[in-house]
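Engineer:
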Amino acid sequence: MGIYFCDCSNTEKAEEEEKEKETSSINEIPLKEIKSKQLLSEQSFKIDKSIIIGKGDGDIREKYKIGRKLGKGSFGEVYLSTDKKTNKKVAIKVLPKTKSHKENINSEIVNEIDILKTLEHQNIVKIYEFYEGKNNFYIVTEYCNEGNLKRKITQNEFLSEIETAAIMFQLFSAISYCNTKNIMHRDLKLENIMLNDKTLFGLPFIKVIDFGTAKIYEKEYENLVIGTLFYMAPEVFNKKYTEKCDMWSLGVILYYLFTKKFPFQGPTKPKLIHSIENCNYNINLGPLKKASDELKDLIHQLFKKNINERISVNEALNHSWFKNLKIKEKLSELTTEQINECLNNIKKYNPDKVIQQASIAFLIHNFPHIEGIKIANSLYLKIDHNNNGVIEKNEFIKELTNLFEEQNQKIDENYILTLFDKIDADCSGYIEHEEFIRAAANKNDLLNESILKNCFEYFDKNKNGEITVDEIKKTFKNYKEKITEDEFYNIVKECDLDKNGVIDFNEFKIVIEKILI
Ligand SMILES: Nc1ncnc2c1ncn2[C@@H]1O[C@H](COP(=O)(O)OP(=O)(O)O)[C@@H](O)[C@H]1O
Ligand SMILES: [Mg+2]
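The sequence shown maps to residues 1 to 517 in the numbering used here.
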C-alpha cells in the first residue's frame, strides 16, 4: 500500500534510451514530450492511490450530512450521505463496535476496510475513507444509485439474455481481478451486487459490495463455513474449499437473474443443504426453457460439484455465451471520436510534479462519476484483452498500437513503453484501473472551484489556505523514511511559484489545471 519505490534512477541507461528515441522516427510525437518523460522517471518514488484512502479525523458528521437508510445487512446499516462541501453523494456503512461478538465484528470491519483499500476495479465499489467513533466504525464508499440486484429482479420484468450476460460478464471480471490479488469474496449474492448508472450503451452497470467476509487466500484449503446458504457451494459445508466457491455462487446468481428463482431450494435448512449437495436443479425452469444452449451450458459448468471440473473464472469470461452475444464488444463500444479523445489525453498526460501526481490520484478516485470517466472505462475494458482487470505491458503495447493505427497514427513501440511507464504510477509492471483513467479520461469536469478546493484541503490539513512542508509530511506520513528531507522541500518548491515557502490555492490551481486541461 502507498507509495511504491522502485529503481527508476538508472540515468546512464536512460540517457542511452533517450538518444535512441531521438534518432528513431516517431510520427506526430514531439520530442519535448519524450524529454519530459525523462524527468518523471528520475523521480525516486512513485505515487499509489492508497495514499489517499485514510482514516478521517474527528466526527464524521462534521464532514458528512447523514441521510436516509439505503439498506441493512447482517453486520451494518448503510446510509445515503452528502459531503457538505462538495455535495458529493456517498454511502456510509455504520458498523457498531459493541455487539455480543465484539471481537469478531471488529475483525470483520478491519478486514473489509483493508481488502477494499487494495481493490481497484470498475465493478467493485470504491472506498473513500473510514472513521472510528466511540461506538461505531464508519466506512465511506461510493454511492450506487440504482439499488441492489435483488430489488431490481424482484421489481422488474425478467431480464433478457443480453442484460443477464452483461451483468455476469462484469461479475466474472470483478472476481477474476480479485483472484489476481488472491482474494475470494465468499458472500456473492444479489444483495451484495449494486447497480449504478447504465453503461454508455444502456446496459446495466454493476458494482460488487460487502467485502466483510472476503479473505486473502493462500495455498491451503479454507475451512470456515461462511456465506449465505442459498448461494453456498457444497464443498463449503465440507469445510474444504478454495476460491472456486465464488464460481458456484455466481452460478446461483446467474440462475436467479434469469428465472427469479433459486436453483436449490428446500423447506428446511437440512433439505436445502441436501438439494445443494445433490446438485439438483431444473435447467428448464420458466424462461430457461427458451434460453440459448450456451446459457444453459454455462450454468452446468458453474454447478460442477467437483471443483477441478468447475469452470474457472477466466474460462467463464471466454465462454461462447458471451462470445455469441458479443458482450465485451457491447460493453466497450466507443465512437471513433471518443477513442481519439482518450488517445490524445494519454499522449499529453504528464504529471511531472509530485503534487500533480497525488492530486490526480485523489481527484479520479474521489469523483468517479464525471462523464469523461465512463468513456475511459470502456476503453480500459477494450485494452484489457484477457479481462483480468489489469492491463499487462504486452496487452498495452499490442492494443494501443492497434488503436493508434486504426486512427491512422503510426507509433513507435518505445514511445508506447514511455506511455506505459508514465501511467503505471506505482511501478507494479501492470496498469490498474484508476492509473489508466487518470491518463485517459477527459478531466475538464474536474476544473471546478469546489472540487479543486476539496483537493487542496487534502494537503492543507489545518485549512488555513496554505500548504506547508509540514503538511506535505503529514500527507505522505506513511512514507516518511523513504522520502528525504530535501525531497519534501522539493515537493513544495515545484509548485511554490512566488517562492515564499508555501503553496497557496492560486499556485495550486495553476499547477493542477495543467494536468486537467
Ligand atoms: N455503496 C452503496 N450504495 C447504495 N446502497 C448500498 C451501498 N452499500 C450497501 N448498500 C445497501 O445496503 C445493504 C447492506 O450493505 P452491505 O455492505 O451488504 O452490509 P452487510 O455487510 O451488513 O451485509 C445492501 O444490500 C444495499 O442494499
Ligand atoms: Mg451484504
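The beta carbon of each residue, even a glycine, is placed where N, CA and C say it ideally should be.
The model shown is predicted, which means the values in this text are computed figures rather than measured ones.
1) CB-CB under 7 Å to ILE109, same chain, minus the five flanking residues each way: which ones, in chain order?
2) Who are the Cβ neighbours of CYS245 in its own chain at under 6 Å, not counting the five residues just before and after it?
3) Let me know if ASN402 comes out buried or exposed under the rule of 16 or more other beta-carbons within 10 Å of its beta-carbon.
4) On the criterion of 16 or more Cβ atoms from any shown chain inside 10 Å, does LYS152 qualify as buried, or is it exposed?
5) Along the chain, where does the beta strand (DSSP E) containing ASP83 start, and where does it finish?
6) Quick one, are the C-beta atoms of HIS185 and ALA214 less than 8 Å apart?
7) Going by Cα to Cα distance, which pick from LYS55, LEU317 and TYR143 is closest to LYS89?
8) Please check the pair PHE459 and ILE472, which I expect to be a contact at CB under 8 Å, by giving their CB distance rounded to whole angstroms.
9) Relative to the alpha-carbon of ASP496, which residue among LEU516, ILE517, LYS65 and VAL469 has its alpha-carbon at the smallest distance?
10) Determine, using beta carbons only, whether SER275 comes closer than 8 Å to chain C.
11) Output yes or no for whether 8 Å exceeds the beta carbon distance between LYS207 and VAL225.
12) Of all the options LYS296, SER74 and GLU120, which has the alpha carbon lying nearest to the alpha carbon of GLU191?
13) Relative to ligand 2, what is the chain-ordered list of residues with a Cβ closer than 5 Å to any of its non-hydrogen atoms?
14) Suppose contacts are defined by Cβ-Cβ distances below 8 Å. Is GLU161 in contact with LEU325 by that definition?
15) Can you say whether LEU171 is buried or exposed, counting buried as having 16 or more other CB atoms within 10 angstroms of its CB?
16) Measuring CA to CA, which of VAL390, THR484 and PHE367 is closest to ASN179?
17) Is DSSP giving PHE264 helix, strand or coil here?
18) By Cβ distance below 7 Å, which residues in the same chain neighbour ALA371 in space, the five residues on each side in sequence not counted?
19) Does DSSP classify ILE437 as helix, strand or coil?
20) Check whether the region 293-312 and the region 345-360 are in contact - that is, three or more C-beta pairs closer than 8 Å.
21) So is the beta-carbon of MET232 under 7 Å away from any non-hydrogen atom of ligand 1?
22) Kindly indicate which three-state DSSP category TYR281 falls into: helix, strand or coil?
23) Residues in the same chain with beta-carbon distance under 7 Å from PRO204, minus the five sequence neighbours each way, listed in chain order, please.
24) On the three-state DSSP scale, how would you describe ASN308?
25) Enumerated in chain order, which unbroken segments of the alpha helix (DSSP H) with a length of 4 residues or greater are wholly contained in the region 291-359?
26) CB of TYR217 to nearest heavy atom of ligand 1: below 7 Å?
27) Going by DSSP, name the residue or residues bridged to GLU132.
28) Go to LYS519, then tell me how far its beta strand (DSSP E) extends in each direction, as first and last residue.
29) Are the CB atoms of ASN350 and ASN442 nearer to each other than 8 Å?
30) From GLU337 to THR141, what does the alpha carbon distance come to, in whole angstroms?
31) Comparing the CB of GLU395 with every heavy atom of ligand 1, is any distance shorter than 7 Å?
32) According to DSSP, is PRO96 part of a helix, a strand, or is it coil?
33) Can you list, in chain order, the residues of its chain whose CB lies under 7 Å from that of LYS461, leaving out five sequence neighbours each side?
34) Is VAL252 helix, strand or coil by DSSP?
35) So, do the region 276-293 and the region 113-132 have three or more beta carbon pairs nearer to each other than 8 Å?
Structural biologist: On the basis of the supplied data:
1) Around ILE109: LEU95 and PHE137.
2) If we look at CYS245 and ignore the five residues flanking it on each side, its Cβ neighbours are ALA233 and VAL236.
3) Taking a 10 Å sphere around the C-beta of ASN402, we find fewer than 16 other C-beta atoms and assign the residue as exposed.
4) LYS152 is buried by the Cβ-count criterion.
5) Unbroken beta strand (DSSP E) run through ASP83: 77-83.
6) Contact annotation: HIS185 and ALA214 have beta-carbon atoms nearer than 8 Å.
7) Cα-wise, what sits closest to LYS89 is TYR143.
8) Contact between PHE459 and ILE472 is confirmed by a C-beta separation of about 7 Å, below the 8 Å threshold.
9) Out of LEU516, ILE517, LYS65 and VAL469, VAL469 has the C-alpha closest to the C-alpha of ASP496.
10) You won't find chain C in this structure, because it holds only one protein chain.
11) Their beta carbons are not under 8 Å apart, which means LYS207 does not touch VAL225 by this criterion.
12) The shortest C-alpha separation from GLU191 is found at SER74.
13) This criterion selects GLY73, ASN192 and ASP210.
14) Contact flag set, yes.
15) Classification for LEU171: buried.
16) Looking at the Cα atoms, VAL390 is the closest of the given residues.
17) Here DSSP, grouped into helix, strand and coil, assigns PHE264 to coil.
18) Note that residue 371 is Glu in the sequence shown here, rather than Ala. Once the five neighbours on either side are set aside, the close Cβ partners of GLU371 are ASP445.
19) Here ILE437 carries a helix assignment [DSSP, helix/strand/coil].
20) Verdict: no, contact absent.
21) MET232 has its Cβ no nearer than 7 Å to any heavy atom of ligand 1.
22) It is coil, neither helix nor strand.
23) These residues qualify, in order along the chain: GLU163, ALA166, ILE167, LEU195 and LYS198.
24) DSSP places ASN308 in coil when its eight states are reduced to three.
25) Taking 4 residues as the minimum length, the alpha helix (DSSP H) runs contained wholly in the region 291-359 are 293-302, 313-317, 320-325, 327-331 and 336-348, in order along the chain.
26) Because no heavy atom of ligand 1 lies under 7 Å away, the Cβ of TYR217 does not count as near it: no.
27) For GLU132, which the question treats as bridged, DSSP gives the partners PHE137.
28) Absent from the structure is residue 519, since the part of the chain shown begins at 1 and ends at 517.
29) No, the pair does not count as a contact, with Cβ atoms beyond the cut-off.
30) C-alpha separation (whole angstroms): 32 Å.
31) Checking the Cβ of GLU395 against ligand 1 gives no.
32) It is a strand residue.
33) Close CB contacts of LYS461 within its chain, under the 7 Å cut and outside five residues either way in sequence, are with GLU471 and LYS474 (chain order).
34) When DSSP states are grouped into helix, strand and coil, VAL252 belongs to the helix group.
35) No contact exists between the region 276-293 and the region 113-132.
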